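What follows is one structure encoded as structure tokens, with my remarks underneath.
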Amino acid sequence: MYIADQWKDYELIDTGAGERLERWGEILLRRPDPQIIWPLQSADRDPRWNQVHGHYHRSASGGGEWEWKRKIPERWNIRYGDLNFHIKPTNFKHTGLFPEQAANWSWMMDKIKNAGRPITVLNLFAYTGGATTAASYAGADVVHVDAAKGMVQWAKENHQLSGIGDRPVRFITDDVFKFVQREQRRGNKYDAIIMDPPSYGRGPGGEMWKLESSLYPFLESCLSIMSDNPLFMLINSYTTGIAPTVLSNILNMTMQQRYGGTLSSGEIGLPITNSGLNLPCGILGRWES
């Protein structure tokens, strides 16, 4: 498991009974998590479970809502090393940042800094730009693509917040599949591609995306926009039921067969302070030269 254990402004304090207790800066949040199937250890229950600022309750009919117990700012900032991010709880229980991804940020920053040459990075399904900010901070030229205009604006703000707003990043609101097709026609190439595809989705023409059937052909299409000397490809997935080895296999059949290099895959997770255990949060597959 790849553990994001270098945080100071974020902490997964405790888990149990389908919920996680987290500290985001000075703000305490309580959120559901389907991976947490073990009970809360009541004998040494942390009193902060009852001192949270906000508690997200799932609805039996789907979705859910926040119950605010203490006043909080509309949004606030947290830091990971020299990277800064806006945090804002959304109606879908998320906060605009997946802290476990810090394990990937540190890895890609090392790869970019040690490449010894200019690196161009394409970040697809790029959300609020954690990976974009990390890659840009490390010195890469980055293209950030997401279909949600609000998420792209959030990513721009994170980039500015980290004090690197003058560095070369193209923020693009677009369907990632159409964008990749246009880049193929333009002949544009990238040294590294990052993608965090959804489990399900629909394209602008109503095209159905299902990760199990769509990821491999999409990955194949991305080969045509890789440079002759690529640095890495990173795939993240939060789709339940997909094993890390599946990501490793498809990277073997695409990137490794064409470029050689090495593969790694596994779970990505967060350390739980009170128990000393680790919480699995998703999977990743990495190819690197």
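First residue of the sequence shown? That's 1347 in this note's numbering, and the numbers climb one at a time after it.
Backbone N, C-alpha and C fix where the C-beta goes; we use that ideal spot for every residue, glycine too.
Remember, it's a predicted structure, so these values are computed and weren't measured experimentally.
- Task: Tell me whether E1446 is buried or exposed, calling it buried when 16 or more other Cβ atoms sit within 10 Å of its Cβ.
- Result: buried
- Do the stretch 1529-1539 and the stretch 1504-1516 touch if we need at least three Cβ pairs shorter than 8 angstroms? no
- Query: Since R1548 contacts M1554 with CB under 8 angstroms, what's their CB separation in whole angstroms?
  - Reply: 6 angstroms
- Query: Which one of S1635, G1631 and E1613 has the shortest CA to CA distance from A1350?
  - Reply: E1613
- Query: For N1396, does the three-state DSSP call read helix, strand or coil?
  - Reply: helix
- Three-state secondary structure assigned by DSSP to W1412: strand
- Task: At 3 residues or longer, and completely inside the stretch 1486-1535: list those beta strand (DSSP E) runs for me, N to C.
- Result: 1487-1492 and 1515-1519
- Query: Where does M1615 land, buried or exposed, given buried means 16+ other C-beta within 10 angstroms?
  - Reply: Strictly speaking, residue 1615 in this sequence is Gly, with Met absent from that position. So G1615 counts as buried.
- Message: Tell me the residue span of the beta strand (DSSP E) that contains D1360.
- Response: Y1356 to G1362
- Which of the three DSSP states, helix, strand or coil, is assigned to P1617? strand
- Message: Can you list, in chain order, the residues of its chain with a C-beta nearer than 6 angstroms to that of A1477? Leave out the 5 residues immediately preceding and following it.
- Response: N1469 and I1540
- Express the C-alpha separation of F1444 and Q1602 in angstroms, rounding to a whole number. 28 angstroms
- Same chain, Cβ closer than 6 angstroms to I1518, neighbours up to 5 away in sequence not counted: V1491
- Query: Are L1569 and R1528 close, meaning C-beta to C-beta below 9 angstroms?
  - Reply: no
- Task: Examine the Cβ distances between the stretch 1447-1454 and the stretch 1488-1502 and report whether three or more of them are shorter than 8 angstroms.
- Result: no
- Task: Starting from L1609, follow its DSSP beta bridges and name the residues at the other end.
- Result: W1633
- Message: Check whether the stretch 1571-1584 and the stretch 1498-1510 are in contact - that is, three or more C-beta pairs closer than 8 angstroms.
- Response: no
- Message: Here's a check: name, in chain order, each residue in its chain whose Cβ is nearer than 6 angstroms to the Cβ of K1434, leaving out the five neighbours to either side.
- Response: R1421 and G1442
- So, is N1460 buried or exposed, given that buried needs 16 or more other C-beta atoms within 10 angstroms? exposed
- Message: Between which residues of its own chain and N1423 is the CB-CB distance below 8 angstroms, once the five residues before and five after are set aside?
- Response: G1371, N1430, F1431, H1432, I1433 and L1507
- Query: For R1377, which residues does DSSP report across the bridge?
  - Reply: R1366
- Using DSSP with H/G/I as helix, E/B as strand and the rest coil, what is M1455? helix
- Task: Pick helix, strand or coil for M1347, following the three-state DSSP scheme.
- Result: coil
- How would you write the range of the alpha helix (DSSP H) that Y1562 sits in, first residue to last? L1557 to L1569
- If you draw a straight line from the alpha carbon of H1401 to that of Q1352, how long is it in whole angstroms? 25 angstroms
- Item | DSSP beta-bridge partners of S1405 | The partner list for S1405 (beta bridge, DSSP) is empty, contrary to what the question assumes.
- Under 8 angstroms by Cβ, that's how I've got T1608 and E1634 pegged, so tell me the actual separation to the nearest angstrom. 6 angstroms
- Message: Looking at chain C, is there any beta carbon in it that lies within less than 9 angstroms of the beta carbon of W1451?
- Response: The chain inventory of the structure shown lacks chain C, comprising one protein chain alone.
- Task: Would you kindly check if the distance between the Cβ of L1358 and the Cβ of I1618 is under 9 angstroms?
- Result: yes
- Item | Per DSSP, cross-strand counterpart(s) of M1572 | Y1536
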